[in-house]
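Using this note's numbering, read the sequence shown as starting at 124 and increasing by one per residue. Remarks on the structure that follows.
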Amino acid sequence: MNKEHQGIGMTSQRARNRLVEQLQQMGVESELVLDVIKTTPRHIFVDEALASRAYDNTALPIGHNQTISQPYIVARMTEALLADGVPENVLEIGTGCGYQTMVLSRLVKQVYTIERIEALLFKARERFNDLRTRNISARHGDGNLGWQAKAPFDGIVVSAAPIGVPEKLLEQLAVNGRLIIPVGKSGGQELRLIKRTEMAYEEKILDTVSFVPMLEGVG
Ligand code: SAH
Numbered sequence: 124m125n126k127e128h129q130g131i132g133m134t135s136q137r138a139r140n141r142l143v144e145q146l147q148q149m150g151v152e153s154e155l156v157l158d159v160i161k162t163t164p165r166h167i168f169v170d171e172a173l174a175s176r177a178y179d180n181t182a183l184p185i186g187h188n189q190t191i192s193q194p195y196i197v198a199r200m201t202e203a204l205l206a207d208g209v210p211e212n213v214l215e216i217g218t219g220c221g222y223q224t225m226v227l228s229r230l231v232k233q234v235y236t237i238e239r240i241e242a243l244l245f246k247a248r249e250r251f252n253d254l255r256t257r258n259i260s261a262r263h264g265d266g267n268l269g270w271q272a273k274a275p276f277d278g279i280v281v282s283a284a285p286i287g288v289p290e291k292l293l294e295q296l297a298v299n300g301r302l303i304i305p306v307g308k309s310g311g312q313e314l315r316l317i318k319r320t321e322m323a324y325e326e327k328i329l330d331t332v333s334f335v336p337m338l339e340g341v342g
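As C-alpha cells, this is what we get:
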C-alpha cells in the first residue's frame, strides 16, 4: 500500500471511530455491531465524490434515486436483529450499495440479499468481491416475494418501506425468527420488529423512520 492510501486509511479510521462514538451517544449498545461499523469501510460503498462524507451519520445518494441508509439506522436494525442471539441465515431486501449487506455478512453465517435495480446489484457484487466476502448471495428480483428456495430465515431485514408487511416475508420467517421492517408511506413510517412464535407473530414498534419506498416488480 502506498503512503497516500495509508493516509486515507488512517483518516477514515479516525472518522469511523468518531462515527461509532456518535452511535453510542445515540443509544447503540451492542459491542458486536459497533465493532463491525468501526471496521467496515463505508467510503467504498459511495461514489468517490462523496467519500469524504462517508462517515457522517447521514444517508447519501447512490444514484437511481436511491440512498445508502444512515449509519444509525443500519446499527439500530442490526442491533434489533441480534437482540436474541446471532441468527445463522439472514435475508435482506434492498441491497442498494451493499453496505448493510456487508455489515450483516460480518456478523452472521450467510446473507441473502435481493435488489430490484440491476445496475445497483452489479456494483454491490463488485464491492463484495473486492472485499473478499464469501458469505453473501445477491440476486436481482422483487423482494416482496422473498427468496423461497433459501427459506426459512432466522432473520429478515428490509431496507425499503412497503405500505404493508409483505405476506411472503412473514411466511419465510423461521419460528423464533425476527423481521425488521419499515412500514408506511414516506413521511410517516414506523420501524417494526416482528417475532414469529410457534403460534403467532408478535409486533413491536422500534422507531419513526424515513426510507425510500419498497416498489413492486423489478427495475
Ligand atoms: N441496504 C442499503 C439501502 C438501500 S436503499 C444500504 O445499506 O444503504 C433501498 C433499496 O431497496 C434501493 O436500492 C431500492 O432499489 C431497493 N428496493 C426497493 N423496492 C424493492 C423491492 N421490491 N425488491 C428489492 N429491492 C427493492
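Beta carbons: idealized from backbone N, C-alpha and C, even for Gly.
Cβ separation of residue i and residue j, assumed to be a contact under 8 Å, to the nearest whole Å
| i | j | result |
| --- | --- | --- |
| M225 | T256 | 7 Å |
| V281 | I216 | 4 Å |
| S340 | E241 | Note that residue 340 is Gly in the sequence shown here, rather than Ser. About 12 Å separates the two Cβ atoms, so there is no contact after all. |
| G221 | R250 | 5 Å |
| L302 | R239 | Not a contact, Cβ separation roughly 19 Å. |
| Y235 | L254 | Incorrect: roughly 18 Å between the Cβ atoms, too far for contact. |
Contact under 7 Å by Cβ, residue i with residue j
| i | j | result |
| --- | --- | --- |
| A177 | H187 | no |
| V151 | A198 | yes |
| T218 | A247 | yes |
| R315 | E326 | yes |
| K161 | R137 | no |
| P194 | L142 | yes |
| N252 | S228 | no |
| N180 | Q147 | no |
| D330 | G300 | no |
Residue from the options whose Cα sits closest to the Cα of residue i
| i | options | result |
| --- | --- | --- |
| V209 | K161, G150, I191 and V231 | V231 |
| E87 | Q148, Y324, I279 and E154 | Outside the shown range of the chain, which is 124 to 342, sits residue 87, and nothing can be said about it. |
| K291 | N267, L302, S309 and V298 | N267 |
| Q312 | L296, A323, V288 and N299 | V288 |
| L296 | A272, R250 and L314 | A272 |
| G307 | N252, S175 and V335 | V335 |
| S309 | A284, P164 and D330 | A284 |
| A172 | T163, I237, I185 and P164 | I185 |
| S135 | E144, Q145, S175 and L146 | S175 |
| S333 | T190, L155, G269 and Q148 | T190 |
| A274 | I286, D265, E294 and M149 | E294 |
| S192 | P305, I328, A323 and S153 | P305 |
| L155 | A203, W270 and I328 | A203 |
| W270 | I237, I286 and V298 | I237 |
Delimiting residues of the beta strand (DSSP E) encompassing residue i
| i | result |
| --- | --- |
| T271 | At residue 271 the sequence reads Gln, which differs from the Thr that was named. It is not in any beta strand (DSSP E) - Q271 carries neither H nor E in the DSSP assignment. |
| Q233 | Q233 to E238 |
| D277 | F276 to V281 |
| S260 | I259 to H263 |
| D330 | Y324 to V332 |
| E313 | Q312 to R319 |
| A186 | Looking at the sequence shown, residue 186 is not Ala but Gly. Counting along the chain, the beta strand (DSSP E) containing G186 begins and ends at L183 to G186. |
Residue interval of the alpha helix (DSSP H) (run including residue i)
| i | result |
| --- | --- |
| I160 | E154 to T162 |
| E294 | E290 to E294 |
| R255 | Here R255 belongs to no alpha helix (DSSP H), and DSSP marks it neither H nor E. |
Residue i beta carbon near the ligand FMN (any heavy atom closer than 6 Å)
| i | result |
| --- | --- |
| V280 | The ligand FMN is absent from the structure shown, which contains only the ligand SAH. |
What are the uninterrupted segments assigned as alpha helix (DSSP H) that are 4 or more residues long and contained completely in the stretch 192-237, given in chain order?
With a minimum length of 4 residues, the continuous alpha helix (DSSP H) runs that stay inside the stretch 192-237 are 194-205 and 222-228.
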